[in-house]
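Chemist: Please read through the structure below; I'll follow up with questions.
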Amino acid sequence: MYIDGVFIPCDNRDTITVYNPATATPCGAVPVATPADVDRALQSARTAFESYAQWSPHKRAELLQRIASSIRNRSTELGAVMTMEQGKPLIEATGEIEKLADTFDFYGAECTRIHGDIIANADTCIHSFVQREPIGVVGAITPWNYPAELIGWKLAAALAAGCSIVIKPPTLTPLCPSQIMQCIHDADPPAGLVNMVMGEGSVVGQHLVESPLVDKLAFTGSSDTGLRIQQSLRQVKPISLELGGNCPMIVTQHAHMGGAIKGAIRRSFRNCGQICIAINRIYVHDSVYDEFVEKLVTATDALVVDNGMDNPSADMGAMCSQQVLQKTKIHLQDALDKGGVLVAGGHAPQGEQYKKGYFFRPTVVKDCHHGMLVMTEETFGPLVGVMPYGHIDHGIDLMNDTPYGLASYIFSTHMREIKTISSRLQYGNVAVNNVDAGIMNAPYGGWKQSGIGVEHGREGMLEYLRYKHIRVKING
Ligand code: NAD
């Protein structure tokens, strides 16, 4: 843990054991925060905020740039720690660390562009100045699927805005986040500006949620936890919730088949499908359904699943925990019980080396329908359901038939069709003929049960600022 500029070791404390999901063996431990630790972190964040909020944006930009360099200098080391505790292959993990560094560069530049307005009054002797000021102390709670980036989106945006922060990372992957704190420390921030406390969400996270010392709460995690957090707030305060998805893809009769297959593979199975914007369900026009399924199966069967440390460029590593593996198996069995046809995967890779860890082959079930869990709930595993549709209106209705609204994907080369579908989709992110629904310089957020607020872009920084209207009468 990192409180008031000091690292707290495990000595004489309760600890959380961290496991390597590729071998199911312990690979580290972190100390557990007491409520008093959380309060101390929040108090030190409050003290740091009072002076940091007065820093010029240029001085803040320099700090963010130093953090970016500090992270970049250790990207290989941090990537290895992430692979060890999260399971994703080393090249993918190191890439995430490099994107974390880019986030600090982006917000380092953005923080010098916090503008206000001057608004005309009916009385010309009066001027209205509207300025943006930092909200204060941020409480940030993050999940395990992107252990670095999901901290970075909050941390960099909050620091750019002039806020201080207390972060609670997940218990499954706390080691990479604590290494990130070492990079922050090396960049020489004021003590207490950035703090990290470890522990169970229901205890340490909940304490952060309920604390009057938190001015703004930023959460990424499941929709169930997000709702619980929203319902348990004890004060009125701004809150951002980046929650779960159940993301659809549509492949029309006008789709470029090669692009659609490549997209489906990448966004269904990358990080073992443990992505909020993962494609869970694919709707394919009747006329190209058989061709799509056949090609999807061939491409899926060609993916390499392996220990991400031994094979850094594997397509998929181990899943992060027994729990997510189990949920994938439950969704698969449910689909098969209800008439789905297994056409790829459905089992762990063969070999002694995969027996202990949480490995599962990428899996495709065809002939799915909306009575199945795979088509209606977030699996968060390497499983995708495929279903045919006839009329485009039916395809769009199926895509929108969910309480979630995070990301959706269209594959079509027909402009009018793309316009019709994209304008009717009830999602915060729509990617057309590509599957990268979020980029750093555009706002990213979910509709409906997928969340409140946005991350990324200038808008992601504005979430940590509030308006002040100063109305000045000249001459008295
Ligand atoms: P989770 O909701 O179980 O946990 C997320 C974090 O919340 C963890 O740090 C956990 O310890 C903490 N927590 C749990 N209960 C809490 C409570 N009562 N009070 C405060 N904190 C609490 O989610 P997870 O399993 O870690 O992550 C997977 C989920 O995250 C998926 O649903 C995924 O879609 C979602 N996610 C969303 C986005 C997005 O940008 N929308 C990005 C990544 C992941």
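Residue 181 in our numbering sits at position 181 of the sequence shown, and the numbers go up by one each step.
A virtual CB, placed ideally from N, CA and C, is assigned to each residue, including glycine.
In this text the structure is predicted, and so the values were computed from the model without any measurement.
1. Let me check one thing: in DSSP terms, what residues is R281 bridge-paired to?
2. With which residues is F7 paired in a DSSP beta bridge?
3. Any heavy atom of the ligand NAD within a distance shorter than 8 Å of the CB on R458?
4. Roughly how far, in whole angstroms, is the beta-carbon of L303 from the beta-carbon of P349, given that I think they are within contact range, below 8 Å?
5. Would you call L233 buried or exposed, if buried means 16 or more other Cβ atoms sit within 10 Å of its Cβ?
6. What ranges does the beta strand (DSSP E) occupy inside the stretch 389–415, keeping only unbroken runs of at least 3 residues that lie completely in it?
7. Nearest CA to the CA of A36: which residue from I265, V203 and D401?
8. As a quick exercise: from W447, S321 and Y2, pick the residue whose alpha carbon is nearest that of V502.
9. Is any heavy atom in the ligand NAD found nearer than 8 Å to the beta carbon of V209?
10. Quick check: the Cα distance between I16 and L325, rounded to an integer number of angstroms?
11. Curious, which full-length alpha helix (DSSP H) runs of at least 4 residues does the stretch 207–237 contain?
12. Taking the runs of the beta strand (DSSP E) that are 3 residues or longer, which of them lie wholly in the stretch 63–124?
13. What does Y444 pair with, by DSSP beta-bridge criteria?
14. Identify whether S202 lies in helix, strand or coil by the three-state DSSP scheme.
15. Roughly how many angstroms separate the alpha carbons of V364 and R281, rounded to a whole number?
16. When the Cα atoms are used, what is the spatial distance from T300 to N20?
17. For the beta strand (DSSP E) that contains M485, what are its first and last residues?
18. Which value, in whole angstroms, describes the spacing of the CA atoms of K295 and A24?
19. So what's N475 in DSSP terms, helix, strand or just coil?
20. Just to confirm, does Y146 get its C-beta within under 8 Å of one of the non-hydrogen atoms of the ligand ADP?
21. Which of the three DSSP states, helix, strand or coil, is assigned to I265?
22. Kindly identify the DSSP beta-bridge partner or partners of P430.
23. Is the separation between the beta-carbon of S268 and that of I279 shorter than 9 Å?
24. Tell me, please, whether the stretch 31–45 touches the stretch 187–200 by the rule of three or more beta-carbon pairs shorter than 8 Å.
25. Does the stretch 208–219 come close enough to the stretch 369–388 that 3 or more CB-CB pairs lie under 8 Å?
26. Is it true that the CB of S164 sits closer than 9 Å to the CB of G192?
27. Run the proximity test for Q235: is its beta-carbon closer than 8 Å to any non-hydrogen atom belonging to the ligand NAD?
28. Would you kindly work out how many angstroms separate the C-alpha atoms of I250 and Q323, rounded to a whole number?
29. Would you say L303 touches the ligand NAD, meaning its beta carbon is less than 8 Å from a heavy atom?
30. Where do the ends of the beta strand (DSSP E) carrying H254 lie?
31. Should I452 be counted as a contact of the ligand NAD given a C-beta to heavy atom distance under 8 Å?
32. Go through its chain and collect everything with a Cβ distance to C27's Cβ below 8 Å, but skip five positions before and after it.
33. Is L383 near L336, with beta carbons less than 9 Å apart?
34. Across which residues does DSSP place H331 in a beta bridge pair?
35. Could you pull the start and end residues of the alpha helix (DSSP H) that M239 belongs to?
36. Given a threshold of 16 other Cβ atoms within 10 Å of its Cβ, counted over all protein chains shown, does C111 qualify as buried or as exposed?
Modeler: Short version:
1. In the sequence shown, counting from the first residue as 1, residue 281 sits at position 281. DSSP output for R281 lists P248 and G385 as bridge partner(s).
2. In the sequence shown, the residue the question calls residue 7 occupies position 7. Partner(s): Y2.
3. The residue given as residue 458 occupies position 458 in the sequence shown. The answer is no for R458.
4. Against the sequence shown, residue 303 aligns to sequence position 303. Against the sequence shown, residue 349 aligns to sequence position 349. Going by Cβ atoms, the distance from L303 to P349 rounds to 10 Å, so no, they are not a contact pair.
5. The count along the sequence shown starts at 1 and reaches residue 233 at position 233. Exposed.
6. 407–411
7. One-based indexing of the sequence shown puts residue 36 at position 36. Of the candidates I265, V203 and D401, the one whose C-alpha sits nearest the C-alpha of A36 is V203.
8. Look at the range of the chain in this structure, 1 to 476, and you will see that residue 502 is not part of it.
9. Translated into positions along the sequence shown, residue 209 becomes position 209. Flag set: Cβ of V209 near the ligand NAD.
10. Along the sequence shown, read from residue 1 onward, the residue named residue 16 stands at position 16. Along the sequence shown, read from residue 1 onward, the residue named residue 325 stands at position 325. Separation of I16 and L325 (C-alpha to C-alpha, rounded to the nearest whole angstrom) is 21 Å.
11. Here the runs fully enclosed are 223–232.
12. Segments of the beta strand (DSSP E) lying fully in the stretch 63–124: 117–120.
13. Here the question's residue 444 lines up with position 444 in the sequence shown. Answer is E455.
14. Here residue 202 corresponds to residue number 202 of the sequence shown, with the count starting at 1. It is helical.
15. On the sequence shown, position 364 is the one that residue 364 refers to. On the sequence shown, position 281 is the one that residue 281 refers to. Answer to the nearest angstrom: the Cα atoms are 10 Å apart.
16. As a working mapping, residue 300 is identified with position 300 in the sequence shown. As a working mapping, residue 20 is identified with position 20 in the sequence shown. If you take the alpha carbons of T300 and N20, they lie about 25 Å apart.
17. Nothing about residue 485 can be reported from this structure: the residues present for the chain run from 1 to 476 only.
18. Residue 295 sits at position 295 when you count from the first residue of the sequence shown. Residue 24 sits at position 24 when you count from the first residue of the sequence shown. About 34 Å.
19. Working through the sequence shown from its first residue, we reach residue 475 at position 475. Here N475 sits in coil by DSSP.
20. In terms of ligand content, the structure shown lacks the ligand ADP and carries the ligand NAD instead.
21. Along the sequence shown, read from residue 1 onward, the residue named residue 265 stands at position 265. For I265, the three-state secondary structure derived from DSSP is helix.
22. By 1-based counting over the sequence shown, the position of residue 430 is 430. It is Val, not Pro, that sits at residue 430 in the sequence shown. Partner(s): S408.
23. In the sequence shown, counting from the first residue as 1, residue 268 sits at position 268. In the sequence shown, counting from the first residue as 1, residue 279 sits at position 279. It is a contact, given that the beta carbons lie within the stated cut-off.
24. Touching, per the Cβ criterion.
25. Contact between the stretch 369–388 and the stretch 208–219 is absent: fewer than three C-beta pairs spanning the two stretches fall below 8 Å.
26. Taking the first residue of the sequence shown as position 1, residue 192 is located at position 192. Taking the first residue of the sequence shown as position 1, residue 164 is located at position 164. In this structure, S164 lies closer than 9 Å to G192 by Cβ.
27. Position 235 of the sequence shown, counted from the first residue, corresponds to residue 235. No, the beta carbon of Q235 sits no closer than 8 Å to any heavy atom of the ligand NAD.
28. As a position in the sequence shown, residue 250 is number 250, starting the count at 1. As a position in the sequence shown, residue 323 is number 323, starting the count at 1. Rounded to the nearest angstrom, the two C-alpha atoms are 29 Å apart.
29. Along the sequence shown, one-based indexing puts residue 303 at 303. Not one heavy atom of the ligand NAD falls within 8 Å of the beta-carbon of L303.
30. As a working note, residue 254 is residue 254 in the sequence shown. Per DSSP, H254 lies in no beta strand (DSSP E) segment and is marked neither H nor E.
31. Along the sequence shown, read from residue 1 onward, the residue named residue 452 stands at position 452. Checking the Cβ of I452 against the ligand NAD gives no.
32. Your numbering for residue 27 matches position 27 in the sequence shown. Hits under 8 Å: V18, Y19, N20, M84, E85 and L175.
33. Indexing the sequence shown from 1 puts residue 383 at position 383. Indexing the sequence shown from 1 puts residue 336 at position 336. Not in contact: L383 and L336 (Cβ atoms no closer than 9 Å).
34. In the sequence shown, counting from the first residue as 1, residue 331 sits at position 331. Paired residues: none, contrary to the question.
35. For the purposes of this step, residue 239 is identified with residue 239 of the sequence shown, where counting begins at 1. Here residue 239 turns out to be Ile, not Met, going by the sequence shown. From DSSP, I239 is part of no alpha helix (DSSP H) but of the beta strand (DSSP E) over I239 to E242.
36. By one-based count along the sequence shown, residue 111 stands at place 111. So C111 ends up on the buried side.
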